[in-house]
């Protein structure tokens, strides 16, 4: 057991957790932030992507202890004053989601893309999202949503 | 009021999904819950000699360990096949028992033999490692083609044959073939797929000792059907003491139709230990134990005249059922397959013969399209081959054999009410710039690349399905759907549907329908589904039935509301009910300015009286309240259809296939929400293209799944696709009041033959099996080079 101290979605949290607790497990089980999803056990699907100190990370690839002291943003932390982030708005407007399961990771990953590349081409968007699997949308509307968000961010 | 049907209404469900407030089964935690881990067979086929749980029981935190013996002692029933299929010789199909926990034999890797229940997940995992199962390993049967020659898997089921089914007339087909100028034949494999909904299966079972009620939260596409099966066959609890809730479900694609072992075991065990139990599949468990799809080996022949008229069709298929026959396992390769195998063509004589075999692999059941992708792949590959052998343009050959009038009495079963296949073909050709292909082929050739174009024209039978028809064919239940439309006294509306949305957008599209029918703003309408305690009953979502069956139930319930509203308005305004018209949410007495809004009428129905007067707004015979139910049983299937065209470019140096263009032109009848339909088409295409180019479930000869993770099973990613070019033609279905047909499966049905026809066209007609991986295509390119060199 060890103490995990993080700033999650702008709030300081401190919890005891077993040393082998994954960040994804810590968020879901210890903080009840169930918006971060677990879709696989090989760090392939990307449903668990969150931001750690501003960069996207598959939260199943890191121990909570590894990121001790970091600032973590999850899908629950994107709204400001009840208003959705432009990426969330774009996904809604352009039907970039269906069942919603891959969506949190997809949105977090896409936001990081635009942080690093303000006007990505279709190919750059598709390449970036290679680590996020969606089974519902065929990706087309996700790509469109990322492009739309790029005009708003 | 503008009609919402036909509009791109943004989805009501999106905000919760986009802000992390979705509530999936794995997100549910109950007070004092325990955690389950299943001990699964590592062998494909073995008998269980002994299970020793002594060490595991002493492990920390263990609450209970249960095996096949306890579940048999408690007379808990097994998993079932939902359709009884008869063989050509009249005998009934042969199904083995499928206990929720195997007691004597295991039949595929992943077959569960015990459940370990502990205070924490980590403790359950640790204890599960200590369960000792002594197996006698037996020789596994894994090959679809050779299954009938393998060892007998299930006692008493000779040749591992579940049934040997025939649809059609062999004699007529023989006569047709005798008259043919040419016979085109093909041998194809429809590769096994793993559905891979992104949310792994999960369940949380709870027992309330006071009410003696079990509540099961589970990842299901059809909670009412699951409850019925678990109650009637599983003997878990009577239906009124079993509540099944399927909350937000992260995709299904058919894989969440079935009641699974874990649902039954956790429900039963929760009552036994009087505590809640949570189980969440790891992805590797999903790979092993979710139902798989497709897996056919087919020989098919088409008899043609020299000018390209189709005379006869025969289809000999071996379909792999996996280890056990499950809910839609036996109907998928029969009535969902055979009738569609003659495609969109007038073929005077046809038959389909299917031998369904057991193997030591995961059960195979309905996966997006279910039977219709296999059927379409068979006929469309054959037609494309015929066009090459006859030297007739692939689109002209198809048009030549399209039906000329509707209703179209299709060769084997269906009467297709509506369609215009020629219009679909012409529009698809225009969208794809079919004419310009040869120029593009030359451009590719100039770069040293091979370019191919492939076409598919398809129809599918969906809107599943008329109860009397399907029950006559062996279905264990009727496939109607119910809806309940409930006005609240203050005017908002709650619609309860027996359909289930796990991505399909019912919360929005069903509300659009109800809003138009009732003239109530969409924000005042809620769609409720997914809970057997809410809503009457329902058969769930699969077979593109939600709108074409469930949506019509909503329309019919709304119409009953309007009828009652007219009677009540007439009484309130002292008019004849026949003189009351309903439009845009208002009941108007014709030729007068007297009217009531539907909200006023609803209020009056719930508060039927006035101060100081003995006066009711309710006509004699009408009860208070405003709530109506409809059980809608369709009169026919619905028949979406269309033409898809794909263009690929192959690099002969690497064998890499690049999908350059994909055009889909579909006829789904009336479209409720174009945005949602586009999403359904895109998703279906991605799965169909995945089958053609990427995905394949493979077992080795001992029955180990070689593709059991995302490292080994190629899931299509964003960079695998071009932007799809999609469009529509529209003929309204004549068999339902909305004129709708269904759109969820079209992409998965049409894409595999479209892409493969393009690949094979690029390869000069050389056969390649799905998925057309770089290795296979590279080899074919080398053969092509050799044969070209010879020819030169």
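Protein chains in written order, with our numbering: chain F, -4 to 148; chain Z, 2 to 793. The C-beta atom is built at its ideal place from N, Cα and C for all residues, glycine as well.
Subject >> Per DSSP, the bridge partner or partners of residue 351/Z >> reply: Counted from its first residue, the second chain places residue 351/Z at position 350. DSSP, once it has assigned bridges, lists 314/Z as partnering residue 351/Z.
**OP:** Could you tell me the distance, in whole angstroms, from the CA atom of residue 554/Z to the CA atom of residue 451/Z?
**Re:** Reading the second chain from its first residue, position 553 is the one you call residue 554/Z. Reading the second chain from its first residue, position 450 is the one you call residue 451/Z. Looking at the two C-alpha atoms, the distance is approximately 51 Å.
**OP:** Report the rounded CA-to-CA distance for residue 41/Z versus residue 115/Z, giving the unit in angstroms.
**Re:** The residue labelled residue 41/Z in the question sits at position 40 within the second chain. The residue labelled residue 115/Z in the question sits at position 114 within the second chain. Their backbone Cα atoms lie some 7 Å apart in a straight line.
Original post:
Between the beta-carbon of residue 141/Z and the beta-carbon of residue 703/Z, is there less than 8 Å?
Top reply: Against the second chain, residue 141/Z aligns to sequence position 140. Against the second chain, residue 703/Z aligns to sequence position 702. Yes, they are a contact pair.
Original post:
Are the beta-carbon atoms belonging to residue 499/Z and residue 518/Z less than 8 Å from one another?
Top reply: Numbered from 1 along the second chain, position 498 holds the residue referred to as residue 499/Z. Numbered from 1 along the second chain, position 517 holds the residue referred to as residue 518/Z. It is not a contact, given that the beta carbons lie outside the stated cut-off.
Subject >> Three-state secondary structure (DSSP) of residue 388/Z >> reply: Here residue 388/Z is taken as the residue at index 387 of the second chain, counted from 1. Helix, per DSSP.
**OP:** Give a yes or no on whether the minimum CB-CB distance between residue 39/F and chain Z is below 8 Å.
**Re:** What you label residue 39/F is simply residue 44 of the first chain in a count that begins at 1. Chain Z contact via Cβ: present.
Subject >> Check whether residue 82/Z and residue 330/Z have beta carbons under 8 Å apart >> reply: As a position in the second chain, residue 82/Z is number 81, starting the count at 1. As a position in the second chain, residue 330/Z is number 329, starting the count at 1. Yes, these two residues count as a Cβ contact at 8 Å.
Subject >> Selection of the region 716 to 731 of chain Z by Cβ proximity to chain F, strictly under 7 Å >> reply: The residues in question are 716, 718, 719, 720, 722, 724, 725.
Original post:
At a cut of 8 Å, does the region 730 to 742 of chain Z reach the region 550 to 570 of chain Z through at least three beta carbon pairs?
Top reply: yes
**OP:** Return helix, strand or coil for residue 307/Z, following the three-state DSSP convention.
**Re:** Against the second chain, residue 307/Z aligns to sequence position 306. DSSP places residue 307/Z outside both helix and strand once states are collapsed to three, so it counts as coil.
Original post:
Excluding the five sequence neighbours on either side, which residues of its own chain have a C-beta within less than 7 Å of the C-beta of residue 566/Z, listed in chain order?
Top reply: Counting from one through the second chain, the residue named residue 566/Z turns up at place 565. Taking C-beta separations shorter than 7 Å and ignoring five residues to either side along the sequence, the partners of residue 566/Z in its chain run 583, 588, 599, 602, following chain order.
**OP:** Mind listing, in chain order, the continuous beta strand (DSSP E) runs of no fewer than 3 residues lying wholly within the region 99 to 138 of chain F?
**Re:** As for any beta strand (DSSP E) of minimum length 3 sitting wholly inside the region 99 to 138 of chain F, there is none.
Original post:
What residues from chain F crowd round residue 1/Z, counting only those whose CB sits closer than 9 Å?
Top reply: Residue 1/Z falls outside the range modelled here, since chain Z spans only 2 to 793, and no answer is possible.
Original post:
Can you tell me where the beta strand (DSSP E) with residue 53/Z in it begins and where it stops?
Top reply: Position 52 of the second chain, counted from the start, is the residue given in the question as residue 53/Z. For residue 53/Z, the uninterrupted beta strand (DSSP E) segment begins and ends at 47 to 53.
Original post:
Contact check, residue 303/Z vs residue 314/Z under 8 Å by CB: the rounded distance?
Top reply: Position 302 of the second chain, counting from 1, holds the residue named residue 303/Z. Position 313 of the second chain, counting from 1, holds the residue named residue 314/Z. Between residue 314/Z and residue 303/Z the Cβ distance is about 5 Å, and since that is below 8 Å, they are a contact.
Original post:
Are residue 43/Z and residue 110/Z touching if we call contact CB-CB under 8 Å?
Top reply: Within the second chain, the letter at position 42 stands for residue 43/Z. Within the second chain, the letter at position 109 stands for residue 110/Z. Closer than 8 Å, so yes.
**OP:** Would you mind sorting residue 80/Z into buried or exposed? The rule is 16 or more other CB atoms within 10 Å of its CB.
**Re:** Taking the second chain and counting its residues from 1, one reaches residue 80/Z at position 79. When all chains shown are included, residue 80/Z counts as buried.
Subject >> Beta-carbon proximity check, residue 646/Z vs residue 378/Z, cutoff 8 Å >> reply: Here residue 646/Z refers to the residue found at position 645 when the second chain is read from its first residue. Here residue 378/Z refers to the residue found at position 377 when the second chain is read from its first residue. Not a contact, by the Cβ cut-off of 8 Å.
Original post:
From the beta carbon of residue 103/F, is the nearest beta carbon of chain Z less than 8 Å away?
Top reply: The residue you call residue 103/F lines up with position 108 of the first chain. Answer no: the Cβ-Cβ gap between residue 103/F and chain Z never drops below 8 Å.
Original post:
Enumerated in chain order, which unbroken segments of the beta strand (DSSP E) with a length of 3 residues or greater are wholly contained in the region 634 to 696 of chain Z?
Top reply: 642 to 652, 657 to 668
**OP:** Under 9 Å between beta-carbons, which chain F residues line up against residue 438/Z? List them in chain order, please.
**Re:** Stepping through the second chain from its first residue, residue 438/Z is reached at position 437. Those do not exist, as residue 438/Z stays about 23 Å from chain F at its closest Cβ, beyond 9 Å.
**OP:** Give the straight-line distance between the Cα atoms of residue 684/Z and residue 273/Z, rounded to the nearest whole angstrom.
**Re:** One-based indexing of the second chain puts residue 684/Z at position 683. One-based indexing of the second chain puts residue 273/Z at position 272. Rounded to the nearest angstrom, the two C-alpha atoms are 42 Å apart.
Original post:
What does a CB cutoff of less than 7 Å around residue 636/Z pick up in its chain, not counting 5 residues either side in sequence?
Top reply: Start at 1 with the first residue of the second chain, and residue 636/Z comes out as number 635. Once the five neighbours on either side are set aside, the close Cβ partners of residue 636/Z are 467, 736.
Original post:
So, is residue 53/Z buried or exposed, given that buried needs 16 or more other C-beta atoms within 10 angstroms?
Top reply: Position 52 of the second chain, counted from the first residue, corresponds to residue 53/Z. The residue in question, residue 53/Z, is exposed, as its Cβ has fewer than 16 Cβ neighbours within 10 Å.
Original post:
Using the C-alpha atoms, what's the distance from residue 579/Z back to residue 590/Z?
Top reply: In the second chain, counting from the first residue as 1, residue 590/Z sits at position 589. In the second chain, counting from the first residue as 1, residue 579/Z sits at position 578. Roughly 9 Å separates the two Cα atoms.
Original post:
When the Cβ atoms of the region 288 to 298 of chain Z are set against those of the region 364 to 375 of chain Z, are three or more pairs found closer than 8 Å?
Top reply: yes
Original post:
Pairing CB atoms from the region 61 to 76 of chain F with CB atoms from the region 125 to 142 of chain F, are three or more of them under 8 Å?
Top reply: no
Original post:
Is DSSP giving residue 852/Z helix, strand or coil here?
Top reply: Missing from the structure shown is residue 852/Z; chain Z here goes from 2 to 793 and no further.
Original post:
Can at least three beta-carbon pairs, one atom from the region 378 to 388 of chain Z and one from the region 622 to 630 of chain Z, be found at a separation below 8 Å?
Top reply: These segments do not touch.
Subject >> Distance between residue 395/Z and residue 428/Z (C-alpha atoms, nearest Å) >> reply: Mapped onto the second chain, residue 428/Z falls at position 427. Mapped onto the second chain, residue 395/Z falls at position 394. Taking the straight line from one Cα to the other gives about 15 Å.
**OP:** In the DSSP assignment, find the alpha helix (DSSP H) that holds residue 751/Z and state where it starts and stops.
**Re:** Within the second chain, residue 751/Z is the residue found at index 750, counting from 1. First-last of the alpha helix (DSSP H) with residue 751/Z: 747 to 763.
Original post:
Does the pairing of the region 650 to 666 of chain Z with the region 497 to 515 of chain Z give three or more beta-carbon distances under 8 Å?
Top reply: no
**OP:** Give me the Cα-Cα distance between residue 16/F and residue 125/Z, rounded to the nearest whole angstrom.
**Re:** The count along the first chain starts at 1 and reaches residue 16/F at position 21. The count along the second chain starts at 1 and reaches residue 125/Z at position 124. Near 16 Å, if we compare the C-alpha coordinates of residue 125/Z and residue 16/F.
Original post:
Name the chain F residues that come within less than 7 Å of residue 18/Z, Cβ to Cβ?
Top reply: The residue you call residue 18/Z lines up with position 17 of the second chain. Chain F residues near residue 18/Z: 92, 95, 98.
Subject >> Beta-carbon proximity of residue 224/Z to residue 205/Z, cut-off 8 Å >> reply: Along the second chain, read from residue 1 onward, the residue named residue 224/Z stands at position 223. Along the second chain, read from residue 1 onward, the residue named residue 205/Z stands at position 204. Taking 8 Å as the Cβ cut-off, residue 224/Z and residue 205/Z do not qualify as a contacting pair.
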